[in-house]
Structures are given as structure tokens and as C-alpha cells.
Amino acid sequence: MLANAQSLVSLINDKSYDKTIAGKLYVLQDDRWKETYAVLKANLLFFFESESQLNVPIFLLIIEDCTIELSDDNETGKQFSFLIRFKTTKRIFQIAAENFESMGNWISYLTVCSIDYMSATKQMLQDEIKRDLTVTET
1 MLANAQSLVS LINDKSYDKT IAGKLYVLQD DRWKETYAVL KANLLFFFES
51 ESQLNVPIFL LIIEDCTIEL SDDNETGKQF SFLIRFKTTK RIFQIAAENF
101 ESMGNWISYL TVCSIDYMSA TKQMLQDEIK RDLTVTET
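In UniProt numbering, the protein residues as written are 1 to 138.
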């Protein structure tokens, strides 16, 4: 997906996009687990240094054309781990949650967020068409 980085980052403060889920996630970077605060809005997964620093994300994943898979905790060295595997780029992001319940919630939301985003976009476009037709008819 082509996207303007500034526009995507501005969405973090856009009240019209409700956050789906937010909380602490660990990301494996350079063979070390880094604690982050993550926010999922539509199909955009923002990662921040902490919950108190929500102005600029340290990185962002656009959740589309990917699979969400459970990881082997013995291999990752971290409990409650899962991965996001992007089909096109073949990139893999290893992530871990704080506990089993949190992991389940994150996996559930990440699995359907692209579909939810497309449904919301479709509904928004249908609403715009209806408004335009109403304006044209009057």
C-alpha cells in the first residue's frame, strides 16, 4: 500500500478513527525484546516508546496482506508471542503480549482489522454517495 507517512501519523490523533485496542506489546528487535505501547486504529498498528509518548510513533505497521500466527515461546524466549508475516515483502515481525488474555485479544483484532477497515470504508463511501444523490436531487 502506498501511503503518505505524515498522513498516517496524523491519524493517531484523529478522533474519527476509534482505537480498536491498545496496550503494552513487546517487539523483537536485534535479538532483544523491546517494550512498547501499541495502538491499533483501523488497520494501522502504531508502536510508541510508552503510553505517555503518543505524539510520534517509533514505527507503524499497515496490517494488510499478512497472516497472524502463534509463535513457539521456547524458540522466541518470550511467553505469549505471535508473529505478523507479510506475504508480499516476506517480512516477519515477532511480537509478544503481557499475558494470555491480552495475546488472544491482540490476535483476534489483528486478524479482522483489515476486513473491519474495508467494511467501514465501504460504509463511508456509500454514505457519501447517498449524501451526494440527496444534494443533486434537491
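Built from N, CA and C at the ideal position, the CB exists for glycine as well.
Buried versus exposed call for residue i [16 or more other C-beta atoms within 10 Å across all chains shown]
{"i": "Val39", "result": "buried"}
{"i": "Thr20", "result": "buried"}
{"i": "Lys41", "result": "buried"}
{"i": "Thr136", "result": "exposed"}
{"i": "Met1", "result": "Reliability fails at Met1, whose pLDDT of 44 lies under 50, so the model's placement of it is uncertain and no value is given."}
Where the alpha helix (DSSP H) containing residue i begins and where it ends
{"i": "Glu75", "result": "73 to 76"}
Pair within 9 Å by beta-carbon distance, residue i and residue j
{"i": "Phe47", "j": "Leu70", "result": "no"}
{"i": "Phe80", "j": "Asn99", "result": "yes"}
{"i": "Arg85", "j": "Thr67", "result": "yes"}
Host beta strand (DSSP E) of residue i (start-end)
{"i": "Val56", "result": "From DSSP, Val56 is part of no beta strand (DSSP E); its letter is neither H nor E."}
{"i": "Ser81", "result": "81 to 86"}
{"i": "Arg32", "result": "32 to 41"}
{"i": "Leu25", "result": "19 to 29"}
Distance cut-off 8 Å: residue i Cβ against heavy atoms of the ligand ATP
{"i": "Ser52", "result": "The ligand ATP is not among the ligands present in this structure, which contains no ligands whatsoever."}
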